Every structure is written in structure tokens, then in C-alpha cells.
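Numbering (our numbering), first residue to last: 4 to 230. Idealized CB from N, CA, C, for every residue including glycine. Remember, it's a predicted structure, so these values are computed and weren't measured experimentally. Below: the structure, in C-alpha cells.
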Amino acid sequence: MSEIREFADRDTLDGILAGHIASLLVADINRRGSASMAVSGGSTPKGLFARLANCELDWSRVWVTLVDERWVEPDHDDSNERLVRENLLQNHARTANFVGLKSPGNDAAAGLAATAKQLAPLPRPFTCVVLGMGGDGHTASWFPQASNLAQLTDPAGAAELGATDPVTAPHQRITLTLPAVLNSGEIILHITGDEKRAVLAEASDKRYPIAVITEQKTTPACTWWAP
Ligand code: 6PG
Numbered sequence: 004m005s006e007i008r009e010f011a012d013r014d015t016l017d018g019i020l021a022g023h024i025a026s027l028l029v030a031d032i033n034r035r036g037s038a039s040m041a042v043s044g045g046s047t048p049k050g051l052f053a054r055l056a057n058c059e060l061d062w063s064r065v066w067v068t069l070v071d072e073r074w075v076e077p078d079h080d081d082s083n084e085r086l087v088r089e090n091l092l093q094n095h096a097r098t099a100n101f102v103g104l105k106s107p108g109n110d111a112a113a114g115l116a117a118t119a120k121q122l123a124p125l126p127r128p129f130t131c132v133v134l135g136m137g138g139d140g141h142t143a144s145w146f147p148q149a150s151n152l153a154q155l156t157d158p159a160g161a162a163e164l165g166a167t168d169p170v171t172a173p174h175q176r177i178t179l180t181l182p183a184v185l186n187s188g189e190i191i192l193h194i195t196g197d198e199k200r201a202v203l204a205e206a207s208d209k210r211y212p213i214a215v216i217t218e219q220k221t222t223p224a225c226t227w228w229a230p
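As C-alpha cells, this is what we get:
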């Protein structure tokens, strides 16, 4: 990852990053008539989502999906879809076109084909992809102890989606693969805190999953960080 943008605090980061993402979306709407982005779940993006929701743009031309999802119903407390609906798809952004990754059924692997069909209408490349990172160096649902991590992060892989058992986190997961994440105009790694900064610094040496993003040269990528 060539660039890291540092901010004094998380609120400042969220405000400036929201404006940056809004400008990317508007530019794509003006250029190709629509825009699309994939966002991550977890706790970090909640402030960003609130600021984005208040950005005035033609959200009806924006498609939003998730980078990854816990294989739970959309009303479950742990659902990333629920997080996005409650925090991003509000106010001005309530008119955005959202496509979730959970499809019917109790098994993520069995649901892959149906989810892929759900995702088909989204404009590609993504305008941007917003990634988070765990303290173990995972991003998306590319977890260090997952049995199919190599398959999910194979740059030459054909599949856009994969199902996985994180082992070190609850719920089966469905996730975009590395090729799907790289099929974007820009990758934004949104992380906060000194611990994650330190994890990122040793990602390459420790072969953390996030290294496939920090070391690739296919898609412009930048880390946005605050203490
Ligand atoms: C998820 C996310 C995941 C997240 C990291 C960081 O489904 O949990 O997509 O990849 O980005 O776990 O989560 P926090 O922001 O809560 O630290």
C-alpha cells in the first residue's frame, strides 16, 4: 500500500472520507450514468456511513453492496446488511439501490449461485471498495485460519464470491474474492487505532491476509487512518 492518509481524529477522518467517496460516486454517475460501491461491515464504518448518508448526490443512480456478510438473516444483530440499512441507507442515501449478499437458505456455499445472480445488475468495475481490517490482519472475510483462504485471495481466481468458515469468528461467511475487490476504480482501507496501524505495518512480513491488498499494483489503494 503506497499511501497512508492520517487524520487527527475519527470524526475528521469520517467527514473527509465521506466527501471523497461522494466525489468518486458523482464522477462515475457523470461519466457512465451510474456508480457502485462495496462496503465492509464491523464497527469502524458506522461514523462514515452516517456522514455518507447526508451527502447530497443522486443516490438513485448508486448501487451499494457488501464486501462480505455473515450468513445470518438480514434482521440478525450480526448482519452487515442490517448495519448498512440502519446507518448508510438513511437520509439522502435512502434512495440508493442496495443488493445484499445473503440469499435464502442456511448454508453459505449453497447460496453462492443465488447471491451471484443478485449481484449481476451492479455496474462494474466498482467505483470504490471500502475495506476494514481486523486485529488479526483479515480483511473482507479472508481470515488467516480459513481452509480456503488461498482460493479466496487467488488473483487469478475466476470466482467473484466465496463461502468460508472463518474459524476464529462466528458465522459462516460469504465474501467477495480478491479479483472481485480488485475490479474497482479505487480501494479504500478504512482503519483506526494504533493497534491496527501496527498490524498493517507488519502485514507483509507476517503474511496477513491484508497483504494481498497492500502488495498488489492492479488497483489504486490508500489507507485512511486515525488514532
Ligand atoms: C465483517 C467485516 C470485517 C471488518 C473487520 C474490521 O464482516 O466483520 O467485513 O472484514 O471490516 O473485521 O471490523 P471492525 O471495524 O469492527 O474492527
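Its chain contains Val133 as the residues whose beta carbon lies nearer than 6 Å to that of Val42, once the 5 sequence neighbours on both sides are disregarded; these appear in chain order.
When C-beta atoms of the region 85-95 are compared with those of the region 152-166, fewer than three pairs fall below 8 Å, so the two segments do not count as touching.
Scanning its chain for C-beta atoms nearer than 8 Å, with the 5 sequence neighbours on each side dropped, one finds around Ala25 the residues Leu55, Cys58, Leu60, in chain order. With fewer than 16 other Cβ atoms inside 10 Å of its own Cβ, Thr221 counts as exposed. DSSP places Glu6 within a strand segment (E or B) once states are collapsed to three. When C-alpha distances from Pro128 are compared across Ser39, Ser46, His174, the shortest belongs to Ser39. Here DSSP, grouped into helix, strand and coil, assigns Gly36 to coil. Going by DSSP, Ile191 is part of the beta strand (DSSP E) stretching over 190-195. In the DSSP assignment, Gly114 falls within the unbroken alpha helix (DSSP H) covering 111-122.
In summary, Ala117 is exposed, with fewer than 16 beta-carbon neighbours lying within 10 Å of its beta-carbon over all protein chains present.
The Cβ-Cβ distance between Ala183 and Gln175 does not fall below 8 Å.
Annotated three-state conformation of Ala96 is helix, per DSSP. With a contact defined as Cβ atoms closer than 8 Å, Leu86 and Gly137 miss out at about 16 Å.
Asp139 is the residue among Val29, Ala143, Thr98, Asp139 whose C-alpha sits nearest the C-alpha of Arg200. Less than 8 Å separates the beta-carbon of Asp12 from that of Pro230. With a cut-off of 7 Å, the C-beta of Met40 is classified as distant from ligand 1, since no heavy atom of the ligand falls inside that distance.
The way I'd put it, the region 45-52 doesn't touch the region 69-79; fewer than three beta-carbon pairs between them come closer than 8 Å. Taking C-alpha positions only, Tyr211 is separated from Ser144 by approximately 13 Å.
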